[in-house]
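Notes to accompany the following structure.
What follows is the structure, encoded as structure tokens:
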């Protein structure tokens, strides 16, 4: 054989070996049942690592509380702090709730009081911040 033919033959053998070694099992390959090429399928989008708060929210922004009109007794409330610094949602009386929330998008949860009524609260770090939680 000539040197050129031997090189081509060796190249073909090596290429075949690489393809066999990389081929592996097809069991994890995506299936295509819709008649589209795999490139046309929608890209995979991973779910977010932090779940979005569900239910009722108290949102802290610019030293103010945005409070829902009312909540149910014992309902889970998510507190979202969109401000830079830490804040709290602290009941004015009875130690019913006292929740600290870190700044910059921090979240925390609390349960609404079990008894219907209006519950005044404040931020223990900022005297000018106050709100009322209505449970009904």
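In mature numbering (1 follows the signal peptide of the UniProt record, and there is no 0), the protein residues as written are -20 to -1, 1 to 116.
For glycine and all other residues, C-beta sits at the position ideal for the given N, C-alpha and C.
{"Item": "Among the residues of its own chain, which have a CB less than 6 Å from the CB of residue 61, if the five just before and after it don't count?", "Value": "40, 67, 81, 83, 86"}
{"Item": "Counting only the same chain and skipping the five closest in sequence on each side, list residues whose C-beta sits under 8 Å from that of residue 95.", "Value": "53, 115"}
{"Item": "Measure the alpha-carbon distance for residue 97 versus residue 107 and round it to whole angstroms.", "Value": "23 Å"}
{"Item": "Tell me the DSSP bridge mates of residue 108?", "Value": "Per DSSP, none; premise fails for residue 108."}
{"Item": "By DSSP, does residue 97 sit in helix, in strand, or in coil?", "Value": "strand"}
{"Item": "Would DSSP call residue 47 helix, strand or coil?", "Value": "coil"}
{"Item": "Give the DSSP bridge partners of residue 74, in chain order.", "Value": "Answer is none; residue 74 lacks a bridge partner."}
{"Item": "In its own chain, which residues sit with a C-beta less than 8 Å from the C-beta of residue 28, not counting the 5 before and 5 after it?", "Value": "Its pLDDT being 48, under 50, residue 28 is placed unreliably by the model, and nothing is read from it."}
{"Item": "Go ahead and pull the three-state DSSP assignment for residue 6.", "Value": "Low confidence applies here, because residue 6 scores a pLDDT of 46, under 50, leaving its location unreliable; read the following figure in that light. Correct three-state label for residue 6: helix."}
{"Item": "Just verifying my parser: in three-state terms, what is the DSSP assignment at residue 82?", "Value": "coil"}
{"Item": "Output the distance between the C-alpha atoms of residue 91 and residue 55, rounded to the nearest integer angstrom.", "Value": "6 Å"}
{"Item": "Where does residue 55 fall in DSSP's three states?", "Value": "coil"}
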